[in-house]
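Letter by letter, the sequence shown follows residues 3 to 255 in our numbering.
Structure record follows, encoded as structure tokens.
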Amino acid sequence: MEEQSIGAVLAAARQSSGLTVEQVSEATNIREAIIHGLEQDDDSQYGGDFYTRGHIKAVAKAVGLDPEATVHLYDQRHGGAPRPMAASAVFQADRKINLRERRGPNWSMALGVALAIVVVFGMMRVLGGASDEVRTADVQAASARPSVPPNSPIAEKPKKHAAGKAAQRMVTIRIKAKRSSYVQAQDGKGRKLFEGTLKAGKTSTVRAEDKVNLLLADASAVSLQVNGKKVAPLGGKGEMVRRSFGPAKPPAR
3 MEEQSIGAVL AAARQSSGLT VEQVSEATNI REAIIHGLEQ DDDSQYGGDF
53 YTRGHIKAVA KAVGLDPEAT VHLYDQRHGG APRPMAASAV FQADRKINLR
103 ERRGPNWSMA LGVALAIVVV FGMMRVLGGA SDEVRTADVQ AASARPSVPP
153 NSPIAEKPKK HAAGKAAQRM VTIRIKAKRS SYVQAQDGKG RKLFEGTLKA
203 GKTSTVRAED KVNLLLADAS AVSLQVNGKK VAPLGGKGEM VRRSFGPAKP
253 PAR
């Protein structure tokens with residue numbers, strides 16, 4: 003299957019959302035000519051890789067795509083994310099910085115602190131003897147009392163079937179990357195379980211109760227096992243896919 007270009011992905015998402023280029027332009031404050039250029043993969047309408055990634059992220063969000071996943075897909079098709087700028091290119095290290103002269107230690111202050119510590123320690127030794135006797139008496143009196151009333155009820159242990167029900171609601175997904183690809187996993191409440199590039203050959207396992215939502219930037223780049231069962235590929239090469247999975251169905255009695 004032929005890979006979809008980034009422009010084709012953006013155009014298809016816009017059309018499926020029922021939006022015009024003009025509406026996307028108003029929502030993102032990006033000129034219509036640039037949006038047309040993005041959808042046609044024509045980089046003559048916008049300048050530089052930095053601006054391109056920003057435009058793609060804004061348009062993807064406006065048409066209902068995941069901005070990070072779409073930019074990641076763009077990076078994969080264009081040789082990876084841009085390298086960060088070296089600090090030496092921004093800051094100049096040849097500028098001299100005048101430091102204050104180092105002063106000698108303040109012996110008077112150090113001697114005063116040492117004397118104060120000795121005085122406080124001596125007072126604690128004097129006052130501590132009486133308090134130790136009182137604490138010992140309190141401990142002996144407390145130990146004479148029964149720790150548990152004879153007729154007090156013993157807390158019942160949690161019932162096993164409660165843990166069994168929680169296990170039945172659990173969704174477990176094992177994701178293995180055949181090629182490096184962006185993956186996002188969330189639970190039913192939108193909390194992130196995993197997000198980022200899963201490197202080729204690496205495996206990630208996510209778990210949540212009731213539901214797991216997956217976003218795959220390249221559906222054919224990963225293999226899935228859901229609740230211990232292998233799942234067929236969710237899409238073709240370069241195809242961005244969203245899927246939701248629930249807990250395994252209990253066996254029929």
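C-beta atoms are modelled at their ideal positions from N, C-alpha and C, and glycine is treated no differently.
Which first and last residues belong to the beta strand (DSSP E) in which residue i is found?
i: arginine 16; result: Arginine 16 -> not in any beta strand (DSSP E); alpha helix (DSSP H) instead, spanning 8-18.
i: alanine 179; result: 172-179
i: serine 222; result: That residue, serine 222, is in no beta strand (DSSP E); it is neither H nor E in DSSP.
What do you get for residue i, buried or exposed, if any count of 16 or more other CB atoms within 10 angstroms of its CB means buried?
i: aspartate 212; result: exposed
i: tyrosine 76; result: buried
i: isoleucine 331; result: The structure shown does not extend to residue 331, since the chain is modelled only from 3 through 255, so no value can be given for it.
i: alanine 187; result: buried
i: glutamine 17; result: exposed
i: alanine 35; result: exposed
i: tyrosine 184; result: buried
i: alanine 71; result: buried
i: aspartate 68; result: buried
i: threonine 54; result: buried
i: glutamate 24; result: exposed
i: glycine 203; result: exposed
i: leucine 216; result: buried
i: alanine 13; result: buried
i: serine 27; result: buried
i: glutamine 170; result: exposed
i: leucine 117; result: exposed
i: alanine 234; result: exposed
i: glycine 198; result: exposed
i: aspartate 134; result: Low confidence applies to aspartate 134: its pLDDT is 44, below 50, so where it sits in the model is not reliable, and the reading given next is rough at best. It counts as exposed.
i: serine 246; result: exposed
i: phenylalanine 240; result: Per the sequence shown, residue 240 should be read as glycine rather than phenylalanine. The residue in question, glycine 240, is buried, as its Cβ has 16 or more Cβ neighbours within 10 Å.
i: alanine 64; result: buried
i: alanine 179; result: buried
i: glycine 248; result: exposed
Report the CB separation of residue i from residue j in whole angstroms; it is logged as a contact under 8 angstroms.
i: glycine 237; j: alanine 219; result: The Cβ separation is near 10 angstroms, so there is no contact.
i: leucine 200; j: isoleucine 177; result: 6 angstroms
i: leucine 40; j: glycine 20; result: That belief does not hold up - the Cβ atoms of leucine 40 and glycine 20 are roughly 19 angstroms apart, past 8 angstroms.
i: valine 214; j: valine 173; result: 5 angstroms
i: alanine 210; j: asparagine 229; result: 12 angstroms between Cβ atoms; not a contact.
i: threonine 30; j: valine 61; result: 6 angstroms
i: alanine 223; j: arginine 181; result: 4 angstroms
i: alanine 15; j: glycine 66; result: 6 angstroms
i: valine 208; j: leucine 195; result: 4 angstroms
From the DSSP output, which residues share a beta bridge with residue i?
i: leucine 216; result: Ala187 and Arg245
i: lysine 232; result: Gln227
Let me know the alpha helix (DSSP H) ranges lying completely inside the segment 52-86, each 4 residues or longer, listed in chain order.
69-79
Start-end ranges of the alpha helix (DSSP H) lying completely within the segment 17-41, minimum 4 residues
23-30 and 34-41
Suppose only complete runs of 3+ residues qualify. What are the beta strand (DSSP E) ranges in the segment 181-213, listed by chain order?
List check, beta strand (DSSP E) in window: 183-189, 194-200 and 205-211.
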